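Participant: Numbering (my numbering), first residue to last: 86 to 711.
Built from N, CA and C at the ideal position, the CB exists for glycine as well.
Quick caveat, the model's predicted, so the values are computed rather than measured.
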C-alpha cells in the first residue's frame, strides 16, 4: 500500500518543480543546472534531469530522487519528506499508527494545533478582538492577518496547554515544542510560554509552523505599563533554530528568485508590510543577526541582498558581523537607508508606500555606504581624520573576495584621502583578517546571547580555532588567567591547545611552589619574559606522543603564539576567557547534537523505535545545556 502511494507521489511531481522550489535552476539543453546547496562552489555543478526525474551534483557526488533531495535539504527522515511531497502532489496518505510517529512529527502537529488555537483566539473574546483592532491600526490588513496566520495568546497560565492535552499530547511534549515552560523545582508541571500577546507564527519552507514570535500590545483598560520584553520567541527546539530560519521566506522565495534580489529587514511587521506594499521578496532574520546558515539558504535564491538594518559604523555591531559574513561569501550588498523620524520599514510604508519604493530603488552599495559614512564622520583633511577613515574602510576592503574589486576601492580611497596608493596598500596588508573576525565576530555573539554556528562542521571548526587562539594569547599575556578555566572544561579544547594549557598550568603551579619554598614572591610568568621556560617544560614532558610528528607540530604551534600574544591583543582579562570557553562548550554540545541528529535519522530508517526514543532523550538533555 505504502509503495503504491510513494509511486503515486513520484508520478504526480516533477523533479524540476521540487528542486526548483529550493534553488535557482537554469535550463541547459535537455537538463537544468544550478549551484549545489550541499557544498560550497562557485561554478554550478548541480544538474537536474527531467527525462530521468533525477538530480546529481558532480562536485560533491550527491544525487538521487525527489525524496532524497527533500530529506537532505530539510534535514528530515523519509516519512516526513514523504508527507511534505504528498501534500504538494495532493496525495492522501494512509493513516499511520500514532505510536509509530516520531517525536519530530508530533511536534509538527503540536505547532500546527497551537497555530490554529491562536488564530481562533484573535477573533473570539473582547481581548482577542482588541488585538485584531491593534493590528489593523498598525496597517496590517485582514488579508495579511489570514496569509501570515497571525493570532493571539490568551492571558491565562495554561489555556493553550490544556487545549493541547485535550488533543492527546502530554505536557512534556508541549514544553519540547517551546510552547510551555517547566515550573521551577517541578519538572512535571508547566505553564504557557506566551500569554496575553499577539502571535506571529514562524514557518519553514513548506509552510509548516515550527515556532512563534509573541508581541505585547496595550490592552483596553491597561494602566501603568509593566516593564516587559516587547517580543519573546520560541527557544531552540527539535524543529526551530533561529540561526536556520528566515521569517517570511516561505512566502518570499519565489519572488526572490524572480527578482534575483532579497530585501532583509529586522522585524515581523516589517516583512508583512513590505509584502503588502508589493515587495514580496522580503524576509527577516528571526531575532538575530544574519548567520552563515541564513546566508547559505539565501544563496540558493539570489546573491543580491538589500539590507534594511539599523546601521552604525562606529559600533562593533551584530549587523556588521552579518555584513562581513555576506561579503566573505561573495554577496552583492546594498543598504536601504531610512530617514530621520522613521524607525523601520513598516513606519515608512504606513506613511507612504512610495517613499519605501524610492528608498529601495536608491539603495547604495555597502562600499559606498561605508565610504560616505566614514568621510561624513571624520575630517579627511587632518592626519587623525585620515587615520580614522582608514580604520573604518580598510577592513571592509580587505573582506572583498575579488582582488580587482579591492584594487578599485583602494584607488578610490587613495584619491579621496589624497594619499599614495602604495601607502594605502601597505596599511591594507597590516589588516589581519583573522584578527578582525576575532575582535568583532565572536565577541558580539556573546553580546547578543547567540551561540556558534551548528550546521556546518567547517564553520564550527574555524570558530573553535579562533576562540582557542584568543584564549592562548590571553593566557600567554598573563598565565594567571588560567584560573578562569575549570578542570572540567579542558575536554572542550583540541588536543594541542589542551596539552599546552595543561602544561602551562603545571609549570605555573611548580613556579608558585618553588617560590613558596624559597620564601620569595611569585614572579608572574608571561610570554614576553619566560616563554622559553614554559616551552621547554612542556616539550620535555615524556607523556607527549612522538607519533606522526606531534611534538614538532606542537612546537610550531606554540612558537607562533609566543610572537602573536604581545602584538594582537590588548585585553588582559579573565572574563574574555570565560566567554570564549562558554562558546567552546556550545560548539562541543552542538557537534554532539549534529551527530545525534544523524543517528536519529539512521535509527528511523532502520525502524529502531527504542533507539530513536533514547537518542531524542539524549538530544533534549543536551539542548538544555546550551
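Which runs of the alpha helix (DSSP H) fall wholly inside the segment 163–210 and span at least 4 residues, in chain order?
Facilitator: If we require 4 residues or more, the alpha helix (DSSP H) runs fully inside the segment 163–210 come out as 163–174, 188–207.
Participant: So, at 7 angstroms on beta carbons, what are the nonlocal neighbours of residue 123 in its own chain, with the 5 sequence-adjacent residues on each side left out?
Facilitator: Numbered from 1 along the chain shown, position 38 holds the residue referred to as residue 123. 142, 145, 147, 157, listed in sequence order.
Participant: Do you know whose CA, among 177, 416, 121, lies nearest residue 154's CA?
Facilitator: Working through the chain shown from its first residue, we reach residue 154 at position 69. Ranking the options by Cα distance to residue 154, first place goes to 121.
Participant: From which residue to which residue does the beta strand (DSSP E) around residue 390 run?
Facilitator: As a first step, residue 390 is located in the chain shown; it is residue number 305 there, counting from the start. Here the beta strand (DSSP E) through residue 390 covers 389–392.
Participant: Tell me whether residue 417 sits in a helix, a strand or coil according to DSSP, three-state version.
Facilitator: To locate residue 417, count along the chain shown from 1; it is residue 332. Three-state DSSP puts residue 417 in a strand.
Participant: Check whether the segment 325–341 and the segment 201–211 touch, using three or more Cβ-Cβ pairs below 8 angstroms as the test.
Facilitator: Cβ pair count under 8 angstroms is below three, so no.
Participant: Give me whichever residues DSSP pairs with residue 277 in a beta bridge.
Facilitator: Here residue 277 refers to the residue found at position 192 when the chain shown is read from its first residue. In DSSP, residue 277 forms a bridge with 265.
Participant: Enumerate in chain order the residues of its own chain whose CB-to-CB distance from residue 97 is below 8 angstroms, with the five nearest sequence positions on each side excluded.
Facilitator: Position 12 of the chain shown, counted from the first residue, corresponds to residue 97. 174, 175, 176.
Participant: Within 10 angstroms of the Cβ of residue 102, are there 16 or more other Cβ atoms? Answer buried if so, exposed if not.
Facilitator: Here residue 102 refers to the residue found at position 17 of the chain shown. By the neighbour-count rule (16 or more Cβ atoms within 10 Å), residue 102 is not buried but exposed.
Participant: Between the alpha carbons of residue 100 and residue 110, how many angstroms are there, rounded?
Facilitator: Along the chain shown, one-based indexing puts residue 100 at 15. Along the chain shown, one-based indexing puts residue 110 at 25. Taking the straight line from one Cα to the other gives about 11 angstroms.
Participant: Please report the Cβ distance between residue 328 and residue 378, rounded to the nearest whole angstrom; I am assuming they are in contact, meaning their Cβ atoms lie under 8 angstroms.
Facilitator: Your numbering for residue 328 matches position 243 in the chain shown. Your numbering for residue 378 matches position 293 in the chain shown. With a Cβ gap of about 5 angstroms, residue 328 and residue 378 count as contacting.
Participant: Would you call the segment 187–200 in contact with the segment 210–224, where contact means no fewer than 3 C-beta pairs closer than 8 angstroms?
Facilitator: At 8 angstroms Cβ cutoff, the stretches do not touch.
Participant: With a CB to CB cut of under 8 angstroms and the five nearest residues on each side skipped, what residues in its chain are close to residue 382?
Facilitator: Counted from its first residue, the chain shown places residue 382 at position 297. Around residue 382: 329, 331, 334.
Participant: For the beta strand (DSSP E) containing residue 142, name the first residue and the last one.
Facilitator: Within the chain shown, residue 142 is the residue found at index 57, counting from 1. It spans 139–142 - the beta strand (DSSP E) in which residue 142 sits, taken as one unbroken run.
Participant: When you compare each of 369, 486, 240 to residue 212 by their alpha carbons, which one comes out closest?
Facilitator: Here residue 212 corresponds to residue number 127 of the chain shown, with the count starting at 1. The shortest C-alpha separation from residue 212 is found at 240.
Participant: Within 10 angstroms of the Cβ of residue 137, are there 16 or more other Cβ atoms? Answer buried if so, exposed if not.
Facilitator: Residue numbering aside, residue 137 sits at position 52 when the chain shown is read from its first letter. Looking at its Cβ environment, which holds fewer than 16 other Cβ atoms inside 10 Å, residue 137 is exposed.
Participant: With C-beta atoms as the reference, is residue 373 less than 9 angstroms away from residue 359?
Facilitator: Residue mapping note: residue 373 aligns to position 288 of the chain shown, counting from 1. Residue mapping note: residue 359 aligns to position 274 of the chain shown, counting from 1. No, Cβ-Cβ distance for residue 373 and residue 359 is not below 9 angstroms.
Participant: State the Cα-Cα distance for the pair residue 709 and residue 700, rounded to the nearest angstrom.
Facilitator: Stepping through the chain shown from its first residue, residue 709 is reached at position 624. Stepping through the chain shown from its first residue, residue 700 is reached at position 615. The straight-line gap from Cα to Cα measures roughly 15 angstroms.
Participant: Given this structure, state the Cα-to-Cα distance separating residue 113 from residue 342, to the nearest angstrom.
Facilitator: As a first step, residue 113 is located in the chain shown; it is residue number 28 there, counting from the start. As a first step, residue 342 is located in the chain shown; it is residue number 257 there, counting from the start. For residue 113 and residue 342, the distance between alpha carbons rounds to 18 angstroms.
Participant: Thinking C-alpha only, which one of 292, 319, 253 is nearest residue 266?
Facilitator: Along the chain shown, one-based indexing puts residue 266 at 181. Taking only the C-alpha atoms, the option nearest residue 266 is 319.
Participant: Within 10 angstroms of its Cβ, does residue 692 collect 16 or more other Cβ (buried), or is it exposed?
Facilitator: Here residue 692 corresponds to residue number 607 of the chain shown, with the count starting at 1. Its Cβ having fewer than 16 others within 10 Å, residue 692 is exposed.
Participant: Which same chain residues end up closer than 8 angstroms to residue 704 when comparing Cβ atoms and leaving out the 5 residues on each side of it in sequence?
Facilitator: What you label residue 704 is simply residue 619 of the chain shown in a count that begins at 1. Closer than 8 angstroms at Cβ, skipping near neighbours: 323, 678, 681, 682, 685.
Participant: Check whether the Cβ atoms of residue 159 and residue 689 lie closer than 9 angstroms to each other.
Facilitator: Counted from its first residue, the chain shown places residue 159 at position 74. Counted from its first residue, the chain shown places residue 689 at position 604. For residue 159 and residue 689, no; Cβs fall outside 9 angstroms.
Participant: Can you check whether the CB of residue 171 is closer than 9 angstroms to the CB of residue 90?
Facilitator: Here residue 90 is taken as the residue at index 5 of the chain shown, counted from 1. Here residue 171 is taken as the residue at index 86 of the chain shown, counted from 1. Yes; because the gap between Cβ atoms is below 9 angstroms, this pair is in contact.
Participant: Suppose you measure from the CA of residue 516 to the CA of residue 291; what does that come to, to the nearest Å?
Facilitator: In the chain shown, residue 516 corresponds to position 431, counting from 1. In the chain shown, residue 291 corresponds to position 206, counting from 1. Each residue's alpha carbon lies about 43 angstroms from the other.
Participant: Between the Cα of residue 325 and the Cα atoms of 507, 316, 287, 550, which residue gives the shortest distance?
Facilitator: Looking up residue 325 in the chain shown gives position 240. For the residues 507, 316, 287, 550, the minimum Cα distance to residue 325 belongs to 287.
Participant: Whether or not the segment 463–480 and the segment 429–436 are in contact is what I'm after, with contact meaning three or more pairs of Cβ atoms, one per stretch, closer than 8 angstroms; do they touch?
Facilitator: Cβ pair count under 8 angstroms is below three, so no.
Participant: On the DSSP bridge list, what partners appear for residue 682?
Facilitator: Here the question's residue 682 lines up with position 597 in the chain shown. DSSP output for residue 682 lists no bridge partner at all.
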